[in-house]
Ligand code: AMP
């Protein structure tokens with residue numbers, strides 16, 4: 097079973113993906129995590145995307161499609177969870193083509209519905225928690241980048257809701273509920289596809 101988790105930054109995609117990895121042995125494909133790893137290890141691509149990511153803007157479709165394509169040839173476990181990908185209509189088309197070419201289906205697109213005030217609180221809270229735990233906050237977890245990330249979401253990613261609705265793949269869950277309740281709603285959706 098292959099699914100997309102769709103929602104704005106802070107909607108809980110990463111948290112829910114981790115639960116699905118544990119419970120269903122699925123494989124999380126987070127382009128954000130892959131890009132952060134490239135940035136940290138200082139690869140050429142990592143250097144190229146660092147400033148764009150820190151500002152909260154989207155990196156090019158070509159880069160993220162390449163990252164995903166590589167992973168689709170790897171271990172699939174209980175299926176892939178696309179987390180933070182696709183984020184543009186071009187990426188969505190490319191994902192459809194890649195999956196078809198590799199003989200995989202897309203079984204569901206799950207929209208985590210939240211409201212914007214909660215997103216800001218969650219992201220500011222995530223940054224504070226990371227610092228309190230002795231680590232460092234994500235470079236893009238600050239008020240200025242967050243504004244841009246939200247605008248990128250509304251301008252470029254939110255059209256995917258209509259795109260997947262029209263394909264008959266979209267399923268919405270309440271992302272404002274407790275983590276376990278959101279996980280239960282997602283499980284309910286997955287058990288029916
Ligand atoms: P995330 O961890 O998903 O919030 O992603 C962090 C940052 O990585 C984003 O703000 C973008 O700069 C970049 N990024 C991650 N996924 C994508 C994507 N699918 N398309 C373009 N940029 C992405």
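Residue numbers (my numbering): 97 to 289.
Ideal Cβ placement from N, Cα and C applies to all residues, glycine included.
Item: Per DSSP, what kind of secondary structure is residue 123 in: helix, strand or coil?; Value: strand
Item: Check each candidate in 102, 99, 103 and 108 and name the one with the smallest Cα separation from residue 218.; Value: 108
Item: With DSSP run on the structure shown, which of helix, strand or coil describes residue 166?; Value: helix
Item: Since I believe residue 142 is in contact with residue 236 (beta carbons under 8 Å), could you give me their beta-carbon distance rounded to a whole number of angstroms?; Value: The pair is not a contact, with the Cβ atoms about 15 Å apart (cut-off 8 Å).
Item: Locate the beta strand (DSSP E) running through residue 204, then write down its first and last residues.; Value: 204 to 209
Item: Report all residues from its chain with a CB closer than 6 Å to the CB of residue 81; omit the five preceding and five following residues, and keep chain order.; Value: Any property of residue 81 remains undetermined from this structure, which presents the chain solely from 97 to 289.
Item: CA-CA distance, residue 245 and residue 199?; Value: 33 Å
Item: With three or more C-beta pairs closer than 8 Å as the rule, is the stretch 271 to 279 touching the stretch 109 to 116?; Value: yes
Item: Hey, which unbroken runs of the alpha helix (DSSP H) at 4 residues or more fall wholly within the stretch 235 to 264?; Value: 239 to 248 and 255 to 263
Item: Where residue 185 and residue 119 are concerned, what is the direct C-alpha to C-alpha distance, given to the nearest angstrom?; Value: 30 Å
Item: Note down the Cα distance separating residue 192 from residue 202, rounded to an integer number of angstroms.; Value: 8 Å
Item: Work out the CA separation of residue 224 and residue 188 for me, nearest whole Å.; Value: 33 Å
Item: Looking only at DSSP bridge pairs, what is residue 268 linked to?; Value: 207
Item: Please tell me whether, using a cut-off of 7 Å, the distance from the CB of residue 153 to the nearest non-hydrogen atom of the ligand AMP is below it.; Value: yes
Item: Given a cut-off of 8 Å on the beta-carbon distance, is the pair residue 122 and residue 180 in contact?; Value: no
Item: For residue 146 and residue 135, I'd like the C-alpha separation in whole angstroms.; Value: 6 Å
Item: By how many angstroms is the C-alpha of residue 128 removed from the C-alpha of residue 171?; Value: 19 Å
Item: Under a Cβ-count criterion, where at least 16 other Cβ atoms within 10 Å of its own Cβ denotes burial, should residue 275 be classed as buried or exposed?; Value: exposed
Item: Decide if residue 106 is buried, meaning its Cβ has at least 16 other Cβ atoms within 10 Å, or exposed.; Value: buried
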